[in-house]
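Read the structure below first, then the notes.
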Amino acid sequence: MGVEEDSIDAKADPIDDETIRIYICATMWHEDENEMFQMLKAVMRLDYEQGLRRIARNEFGDAVKKTIYEMEVNIFFDDAFEQGKSDDEDDRVINRFVEQLIDTIGGSANQVFGKNLDLEPPTIVPTPYGGKLIWKMPMGTNRLIAHIKDKNLIRHRKRWSQCMYMYYLLACGRIHPIGSGPIVWYQKFEYAMGHWLQKATEHVIGCVLCSPGCFSLFRARALMDKSIMNKYTTKPSQAQHYVQYDQGEDRWLCTLLLQRGWRIEYCAASDSYTHAPEGFAEFYTQRRRWGPSTMANILDLLGDYKRTAFLMLGTIISPGTIFLMVVSAMNTVMGLTTEMSFIYNMIPLLLFLFVCLQFKDNNIKITFATILSVIYALLMLAVLVGTGIDMYTKGFFSPNSLFFSAMMGSFILAAVLHPQEFACVIPLPIYMLFIPSMYMLLTIYSITNMNVVSWGTRE
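Numbering (the UniProt record's numbering), first residue to last: 1 to 459.
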């Protein structure tokens, strides 16, 4: 590997050059080998596709000129160094995750291009924040740059990596969770409904409120707008800042863009696959971070209350709505009185609230949440069976039957309108079983742990 000066990045572009330039920016931290492999395969496919466009331009000339673009891949690697063998503070070496990235690049290129490629070793460039590793991608014209950050030299965490983007490549695409197990199955249906219904509705009647960090395309000029990047680089100094700025950085960036009058759209034709939490504990800690940051950003948008007040109201009352739904379901299916159903549901919630407030050990909270989630899942299973029996005995036009059919019908209709993703509706039964856990228990867990500012996943 050769070491060169930072001037390697200097490029002289003609003023009248109208070529589209796309800067692909990604963040990494403690991803495992499979996650890195999936991401690198995606950029290798882009390199391959762009190379084919160049070949077509050489063959057909101006006929395909407007389809040509330049691209550069930038990976911002957080906390990439560790202390060397000596006690010298300047003895800093790359950690195993950076070594894993270096080892994975060749394999990802080989799989995409279908042959064994001999990629040149990366060029090492010292920088004020640590260093850069620069690879020439297989098609020969594009570069992949890994910015390896030393937390002793520059602020770490994801938001500060995004602040380093010279251009932050406004559109939100369809995200598909990948992984295995019931938690991932739940997320497949949840993500599908979130995109088919919520993001599509936001796109039609206003603007998408959150363009997720794992798959978004931003216009550089929008991010250079007044009061966006300057405010986005604000160092948190108040309790709300830690929740809004660092726990949901992609949603906050979208909030700043919307407040400046930019529009965020949803593109259903763009698909991205992202690794989702597979364990209950990891899923809960991730959503503990998402929930409060979502509410904080909606509150920030409430200056334009006519567009967002109804959404905020729905977010606040949804746990209580689900609680009343469970009370009513127990009353109907199990024959309990309304008062007894209310008490039976209130006791476990109060116990969970007590555990969340009194115990500092997160494992205790997650274990208790897991036990209650299983109990509520069994209860929901009984409710679903009871609803089916009720529909059979009382007929389709009973109130419970009509409500249940209307709710299921909306999900099925959304799936029919997205035939290529119809399989996402298959985990619907699992989603139904998890409703009490995700709307009641998770809300309590999130609100009572707002003092925790850790990332929650890959730690």
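Think of the CB as a built atom: it goes at the ideal place given N, C-alpha and C, for glycine as much as any other residue.
Buried or exposed for isoleucine 426, please, with buried defined as at least 16 other CB atoms from any protein chain shown within 10 angstroms of its CB.
So isoleucine 426 counts as exposed.
Any idea what DSSP makes of aspartate 300, helix, strand or coil?
Looking at aspartate 300 - three-state DSSP - the assignment turns out to be helix.
Using the beta-carbon count (16 or more within 10 Å), is isoleucine 134 buried or exposed?
By the 10 Å Cβ count, isoleucine 134 comes out buried.
Would you mind reading off the limits of the beta strand (DSSP E) that contains isoleucine 22?
Element bounds for isoleucine 22: 20-28.
Taking the alpha helix (DSSP H) that alanine 276 falls in, what are its first and last residues?
From DSSP, alanine 276 is part of no alpha helix (DSSP H); its letter is neither H nor E.
By Cβ distance below 7 angstroms, which residues in the same chain neighbour serine 190 in space, the five residues on each side in sequence not counted?
Residue identity differs from the one stated: residue 190 is glutamate in this sequence, not serine. So the list reads Tyr431, once near-sequence residues are dropped.
Less than 6 angstroms between C-beta atoms, sequence neighbours within five positions excluded: which residues of the same chain meet that for valine 43?
Only Val73 meet the Cβ criterion.
Have a look at Pro429, Leu153, Asn451 and Asn142 and flag the residue whose alpha-carbon is nearest the alpha-carbon of proline 182.
Among Pro429, Leu153, Asn451 and Asn142, the Cα nearest to that of proline 182 belongs to Pro429.
Can you name the start and end residues of the beta strand (DSSP E) that phenylalanine 81 belongs to?
Segment 81-83, the beta strand (DSSP E) holding phenylalanine 81.
Would you check if there are 3 or more beta carbon pairs closer than 8 angstroms linking the stretch 43-57 to the stretch 92-100?
No: the two stretches stay apart, fewer than three of their Cβ pairs being nearer than 8 angstroms.
Within 10 Å of its beta-carbon, does phenylalanine 218 have 16 or more other beta-carbons around it, so buried, or fewer, so exposed?
Phenylalanine 218 is buried by the Cβ-count criterion.
For asparagine 74, list the residues DSSP reports as bridge partners.
Cys25 and Ile145.
Once the 5 residues before and after methionine 137 are set aside, which same chain residues still bring their CB inside 6 angstroms of it?
Once the five neighbours on either side are set aside, the close Cβ partners of methionine 137 are Asp47 and Leu144.
By how many angstroms is the C-alpha of asparagine 58 removed from the C-alpha of threonine 19?
If you take the alpha carbons of threonine 19 and asparagine 58, they lie about 15 angstroms apart.
Assuming cysteine 254 and serine 293 make a contact with CB atoms under 8 angstroms, what is their CB distance in whole Å?
The pair is not a contact, with the Cβ atoms about 12 angstroms apart (cut-off 8 angstroms).
Report buried or exposed for lysine 365, applying the criterion of at least 16 other Cβ atoms within 10 angstroms of its Cβ.
By the 10 Å Cβ count, lysine 365 comes out buried.
Can you confirm whether the stretch 280-288 touches the stretch 326-346 when touching is taken to mean that 3 or more C-beta pairs between the two stretches lie within less than 8 angstroms?
Taking 8 angstroms as the limit for Cβ pairs, the verdict is that the stretch 280-288 does not touch the stretch 326-346.
Given a threshold of 16 other Cβ atoms within 10 Å of its Cβ, counted over all protein chains shown, does leucine 313 qualify as buried or as exposed?
Exposed, by the Cβ-count rule.
Using C-beta distances below 7 angstroms, list every residue in its chain close to tyrosine 445, excluding the 5 sequence neighbours before and after it, in chain order.
Closer than 7 angstroms at Cβ, skipping near neighbours: Tyr284, Arg288, Cys356, Lys365 and Ala369.
Let's see if you can read the secondary structure: which residues bound the alpha helix (DSSP H) around valine 43?
33-60 is the span of the alpha helix (DSSP H), which, as asked, contains valine 43.
Out of Tyr23, Lys360, Phe113 and Thr141, which has the shortest C-alpha to C-alpha gap to methionine 450?
Nearest C-alpha to methionine 450: Lys360.
Since arginine 92 is in the beta strand (DSSP E), which residue starts that stretch and which ends it?
It spans 92-94 - the beta strand (DSSP E) in which arginine 92 sits, taken as one unbroken run.
Where does leucine 442 sit, in a helix, a strand or coil, going by DSSP?
Correct three-state label for leucine 442: helix.
Going by DSSP, which residues form a beta bridge with residue 477?
In this structure the chain extends from 1 to 459, so residue 477 is not present and cannot be described.
Count the CB pairs spanning the stretch 314-325 and the stretch 394-414 that are closer than 8 angstroms, and state whether there are at least three.
Too few Cβ pairs lie closer than 8 angstroms, so no.
What residues match up with residue 467 in a beta bridge as DSSP calls it?
Here the chain comprises residues numbered 1 to 459, so residue 467 is not present and cannot be evaluated.
Reducing DSSP to helix, strand and coil, say where glutamate 265 ends up.
Here glutamate 265 sits in strand by DSSP.
From the DSSP output, read off the bridge partner residues of tyrosine 69.
Paired residue(s): Ile20.
The alpha helix (DSSP H) that contains histidine 203, what's its start and end?
Unbroken alpha helix (DSSP H) run through histidine 203: 200-205.
Tell me the residue span of the alpha helix (DSSP H) that contains phenylalanine 368.
Looking at the DSSP string, the run of the alpha helix (DSSP H) that includes phenylalanine 368 is 362-394.
Of all the options Leu378, Ile435 and Ala296, which has the alpha carbon lying nearest to the alpha carbon of alanine 239?
Answer by Cα proximity: Ala296.
When we look at the beta-carbon of alanine 406 and count the other beta-carbons within 10 Å, is it buried (16 or more) or exposed?
Exposed.
Check whether the Cβ atoms of isoleucine 124 and methionine 71 lie closer than 8 angstroms to each other.
Cβ distance not < 8 angstroms, so isoleucine 124 and methionine 71 don't count as in contact.
Can you look up leucine 117 in the DSSP assignment and give me helix, strand or coil?
Leucine 117 falls in the coil class under three-state DSSP.
How many whole angstroms separate the CB atoms of residue 471 and threonine 27, which I take to be in contact at a CB cut-off of 8 angstroms?
Nothing can be reported for residue 471: it is not among the residues displayed for the chain, which extend from 1 to 459.
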